[in-house]
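Trainee:
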Amino acid sequence: MFQSTADHPRASQGPDVSAPLPSPDQGVPPPPPPPCPSPNSLLSRLRCPVPPRTSPLRWIHAPLSPSSVAMQNNHSKEHLYKILVIGDLGVGKTSIIKRYVHHNFSPNYRATIGVDFALKVLNWDQETVRLQLWDIAGQERFGNMTRVYYREAMGAFIVFDVTRPASFEAITKWKEDLDSKLTLANGKHVATVLLANKCDQGRDVLTNNGIKMDQFCQENGFVGWYETSAKENINIDEAANCLVKHIIASENDMLQSEVPDTITPQLEKDKGGTCSSCFRSQ
Numbered sequence: 013m014f015q016s017t018a019d020h021p022r023a024s025q026g027p028d029v030s031a032p033l034p035s036p037d038q039g040v041p042p043p044p045p046p047p048c049p050s051p052n053s054l055l056s057r058l059r060c061p062v063p064p065r066t067s068p069l070r071w072i073h074a075p076l077s078p079s080s081v082a083m084q085n086n087h088s089k090e091h092l093y094k095i096l097v098i099g100d101l102g103v104g105k106t107s108i109i110k111r112y113v114h115h116n117f118s119p120n121y122r123a124t125i126g127v128d129f130a131l132k133v134l135n136w137d138q139e140t141v142r143l144q145l146w147d148i149a150g151q152e153r154f155g156n157m158t159r160v161y162y163r164e165a166m167g168a169f170i171v172f173d174v175t176r177p178a179s180f181e182a183i184t185k186w187k188e189d190l191d192s193k194l195t196l197a198n199g200k201h202v203a204t205v206l207l208a209n210k211c212d213q214g215r216d217v218l219t220n221n222g223i224k225m226d227q228f229c230q231e232n233g234f235v236g237w238y239e240t241s242a243k244e245n246i247n248i249d250e251a252a253n254c255l256v257k258h259i260i261a262s263e264n265d266m267l268q269s270e271v272p273d274t275i276t277p278q279l280e281k282d283k284g285g286t287c288s289s290c291f292r293s294q
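The sequence shown lines up with residues 13 to 294 when you count with the numbering used here.
1) Does the region 118-127 touch the region 195-207, meaning 3 or more C-beta pairs lie closer than 8 Å?
2) Grab me the residues of A182's own chain with a C-beta within less than 6 Å of its C-beta, minus the 5 sequence neighbours each way, in chain order.
3) Does the distance from the C-beta atom of V205 to that of L255 stay below 9 Å?
4) Using C-beta distances below 8 Å, list every residue in its chain close to I246, excluding the 5 sequence neighbours before and after it, in chain order.
5) Tell me the DSSP secondary structure of S192 in three-state form.
6) Just grab the DSSP bridge partners of S241 for me.
7) Are there any heavy atoms of the ligand NAP lying less than 8 Å away from the beta-carbon of V202, as far as the coordinates show?
8) Around the Cβ of S269, are there at least 16 other Cβ atoms within 10 angstroms (buried) or fewer (exposed)?
9) Hey, is the region 88-99 in contact with the region 138-152, meaning 3+ C-beta pairs nearer than 8 Å?
10) To the nearest angstrom, report how far apart L190 and Y162 are at their CA atoms.
11) For V141 and E90, what's the separation of their Cα atoms in angstroms?
12) State the DSSP-derived secondary structure class of F234, mapped to helix, strand or coil.
13) Tell me whether K132 sits in a helix, a strand or coil according to DSSP, three-state version.
14) Whose C-alpha, out of H114, V113, G150 and L131, is nearest the C-alpha of R122?
15) Which term fits E152, buried or exposed, when burial requires 16 or more other beta carbons within 10 angstroms of its beta carbon?
16) Roughly how many whole angstroms lie between the Cα atoms of T184 and A130?
17) Could you give the C-beta distance for C229 and G222, rounded to a whole number, given that I count them as a contact under 8 Å?
18) Pull up the distance between the alpha-carbon of Q84 and that of H114, whole angstroms please.
19) Measuring alpha carbon to alpha carbon, tell me which of T158, A165, V202 and G214 ends up nearest H258.
20) If you count every other CB in all the chains shown that lies within 10 Å of the CB of M157, and 16 or more means buried, which is it?
21) Could you check what DSSP says for F172 in three-state terms: helix, strand or coil?
22) What number of angstroms, rounded off, separates the C-alpha of L267 from the C-alpha of E164?
23) Under the three-state reduction of DSSP, which class applies to I125: helix, strand or coil?
24) Run the CB neighbour count on F180, radius 10 Å, all protein chains shown included, and call it buried at 16 or more, exposed below.
Here you go:
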């Protein structure tokens, strides 16, 4: 049968209720702090603050997409664009990049092997534009690596030497290679500007006829052309601004196509109807 608790010794787990209570003069000791929950829980981070760091923070940057970067604050937006610089060997691609990025010129550049890189930062309409310029060696058109180099580019310069007619004849082959291996997300070709370089050394028959050059560019899908000189710093910045303008316009078109329900107000078109500023000689 059941036995009363008086027949058993007092359990050791519970407090001794028969112990005398402390006097008011002795004070009541504070209760022990509750144990911290799992360090991975939100409650743990609230109850148990992280001790101060003894070493500086290390920022680990993830790779950025060569297309537009959606790093938007309250009043700023940042873009990162990959731009190709292609053309035959010795037409001055590296000199153009050095002039544009570092504002200097040297006649003793070594021929590029494979691909080289440079970064240019612009302030564009209160936004930051970073241009990642890919200097691709002239002989790469005959290899199989251009598809890898072209990937995710948003624009291109195709360069020829006005003193070498053969480099102009190669333009269409470079453009065909580019268009066959690279398209934007909406299926269109990337914006491409033609550079007639080394104009300080003379002008060939074709570039001396601006109307024919305009027609050539429109027939072959160039958004514009410029006579340039890396040595004399002629039209380098102007050509780059033209390309950036068309890249941003292409990006805006793609963003609008992703939101078909958005109503865009019709803006008044320019009277000329074409970007005449991007068809400019010296």
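Beta carbons are placed, not taken as given, at the ideal position from N, Cα and C, and that holds for glycine. The structure presented is a predicted model; accordingly, all values stated were derived computationally and were not measured.
Mentor: Well, looking at it:
1) no
2) D100
3) yes
4) C211, D212, E239, T240 and Q294
5) helix
6) I246
7) Among the components of this structure there are no ligands whatsoever, and the ligand NAP is therefore not found.
8) exposed
9) yes
10) 7 Å
11) 6 Å
12) coil
13) strand
14) G150
15) buried
16) 26 Å
17) 10 Å between Cβ atoms; not a contact.
18) Note that Q84 scores a pLDDT of 47, beneath 50, so its modelled location is shaky and nothing firm can be said.
19) V202
20) exposed
21) strand
22) 16 Å
23) coil
24) buried
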